[in-house]
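The number in this note's numbering is simply the position in the sequence shown, starting from 1, with 15 added. Cβ atoms here follow ideal geometry from the backbone N, Cα and C, with glycine treated the same way.
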Amino acid sequence: MRRAAVAVAVLAVAVAAFLIVGGSSAPDPLRQTITGTRYTGTVSIDRPTTGRVTVDVRLTSGDPDGVAVSAVMPAMGHAMPETPAREPEPGHFVAEGELFPMTGVWELSIRLNGPGGEETLTMNAPITG
C-alpha cells in the first residue's frame, strides 16, 4: 500500500515537471489516418491544445455529404458538443471550435454521413496546455 502511494507521488512530480519544462513550447502537430468500413481519411490538428482548434479531415475513400467532430474525455466524464465541418473542397473538411477545454487525453470522434451510410471514426488526442 505504501509503495503504491510513493509511486503515485513520484508520478505526480514527474508529470508536473514535464508540464513545467515541456509545457512552454508549442505542442507537436497531431496526425492520424483512420480507416472505417465506409470511410478512410487523415485527421490533423496542427495545435493540439486547449482553446480554439482546427481539425482538418482529408478523406482518401468515401464521399460523405457531411462531417461533424466531437470530443469526450472519458477519464473525467467531459463531453463537448458536436462541431459541424465545412467542406472547402471535395474530400476535405475543416471543423473549428473549442473542442478541448482542458489538457489530457481526449477521444475525438469524426461523424461522417453520406449515400454510403453513417459512420463514426475515433482516435485518441493527447491535448497539452
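Per-residue burial, residue i [other beta carbons within 10 Å of its own, 16 or more giving buried]
i	result
SER76	exposed
ASP78	exposed
ASP43	exposed
ALA41	exposed
MET88	buried
ALA90	exposed
7 Å CB neighbourhood of residue i in its chain, flanking five on each side removed
i	result
ILE142	PRO63, THR64, THR65, PHE115, THR118, GLY119, TRP121
VAL68	ILE60, ARG62, LEU114, PHE115
GLY112	ARG67, THR98
Contact set for residue i: own chain, Cβ-Cβ below 6 Å, skip 5 residues either direction
i	result
THR135	SER124, ARG126
HIS93	none
ARG53	GLY77, GLY131, GLY132, GLU134
GLU102	PHE108
Neighbourhood of residue i by C-beta distance below 8 Å, restricted to the same chain and skipping five residues each side
i	result
HIS107	ASP71, VAL72, ARG73, LEU74
ASN139	VAL120, TRP121, GLU122, LEU123
Assumed close pair residue i, residue j - CB separation to whole angstroms, cut-off 8 Å
i	j	result
GLY81	ASN128	5 Å
CB of residue i within 8 Å of CB of residue j, strictly
i	j	result
ALA100	ALA83	yes
request  = Could you pull out every unbroken beta strand (DSSP E) segment of at least 3 residues lying fully inside the segment 39-76, listed in chain order?
outcome  = 45-50, 55-60, 66-76
task = For the segment 85-112, list the beta strand (DSSP E) runs that are entirely contained and at least 3 residues long, ordered along the chain.
result = 101-104
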